[in-house]
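Residue numbers (the numbering used here): 51 to 278.
Note that beta-carbon positions come from the ideal geometry of N, C-alpha and C, so glycine has one too.
Here is the structure we will look at, set down as structure tokens.
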């Protein structure tokens, strides 16, 4: 049987060594700055395309779609942090969940701003009527508004003020946000009969929510059978 530790270097090898290396990288002083750079790259790319006329025939639609896509992608990543942390046994992943959530909200605000500015010309009365008139706009707007209290309470002071249990209950809204975001995305694609991306996002979100439900069921089962 091969040893998990190299005899010559004393370094742990195999999956345990990989986890240790990943944890060390995630806990390094450079991890957060690198994460910031990576999360800002989509914005930098969109700005670059805007100033170089690289957004195609309909730049407004391209910006609205791209910012919405990145919002949904980041929501999926936020939901994936805990499963990856638990299954991969990499606790250090948890330190990036807050940052990922805030950037998801940031891109959601950009999505809303692009719609309000480029699609509606900042005509607030028209925006209000459009939100109430078109269900997919209402769903997207609702999802963005639900993200607001999550962003405002994403700091340690809010956790202390609210108490851990109430804070956790509030932040479970992220599941509703993800489902509303998926519904918004589905309605956007339904008009063009393009469901391939919708199916991918639906499978990812269903898998992540399914894992959460399974963990909750296992926890209740352990509590109800403490002696076994």
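| Check | Outcome |
| --- | --- |
| Within the chosen definition, does the region 229 to 236 reach the region 181 to 193 through at least 3 CB pairs nearer than 8 Å? | yes |
| So does the region 91 to 111 actually touch the region 155 to 171, counting three or more Cβ pairs closer than 8 Å? | yes |
| Report the rounded CA-to-CA distance for residue 264 versus residue 254, giving the unit in angstroms. | 15 Å |
| Out of curiosity, what's the CA-to-CA distance linking residue 105 and residue 202? | 33 Å |
| Check the C-beta distance from residue 154 over to residue 125 and give it rounded, since I have them as a contact under 8 Å. | 5 Å |
| Using CA coordinates, which residue listed in 172, 135, 168 is at the minimum distance from residue 117? | 168 |
| Enumerate in chain order the residues of its own chain whose CB-to-CB distance from residue 99 is below 6 Å, with the five nearest sequence positions on each side excluded. | 105 |
| Please classify residue 166: does DSSP put it in a helix, a strand, or coil? | helix |
| Could you have a look at residue 79 and say whether DSSP puts it in helix, strand or coil? | coil |
| Use the C-beta contact count for residue 64: other C-beta atoms within 10 angstroms, 16 or more gives buried, fewer gives exposed. | exposed |
| Please report the residue range of the alpha helix (DSSP H) in which residue 235 lies. | 223 to 240 |
| Tell me the DSSP secondary structure of residue 172 in three-state form. | coil |
| Identify whether residue 117 lies in helix, strand or coil by the three-state DSSP scheme. | helix |
| Answer yes if the region 179 to 187 comes into contact with the region 135 to 154, meaning at least three C-beta pairs across the two stretches below 8 Å, and no otherwise. | no |
| Along the alpha helix (DSSP H) that carries residue 205, what are the first and last residues, could you check? | Segment: none, residue 205 is in no alpha helix (DSSP H) and carries neither H nor E. |
| Relative to the C-alpha of residue 119, which candidate in 77, 69, 239, 179 has its C-alpha closest? | 239 |
| Please state whether DSSP places residue 107 in a helix, a strand or coil. | coil |
| Can you tell me whether residue 273 is helix, strand or coil according to DSSP? | helix |
| Less than 8 Å separating the beta-carbons of residue 70 and residue 146? | no |
| Whole angstroms are fine: how far does the CA of residue 219 sit from the CA of residue 212? | 10 Å |
| So, for residue 51: in the same chain, excluding its five sequence neighbours on each side, which residues have a beta-carbon less than 6 Å away from its beta-carbon? | The predicted model places residue 51 with a pLDDT of 44, which falls under 50 and marks its position as unreliable; any figure quoted below should be read in that light. So the list is empty, once near-sequence residues are dropped. |
| So, at 7 Å on beta carbons, what are the nonlocal neighbours of residue 92 in its own chain, with the 5 sequence-adjacent residues on each side left out? | 120 |
| State the DSSP-derived secondary structure class of residue 248, mapped to helix, strand or coil. | helix |
| Between residue 258 and residue 129, is the Cβ-Cβ spacing less than 8 Å? | yes |
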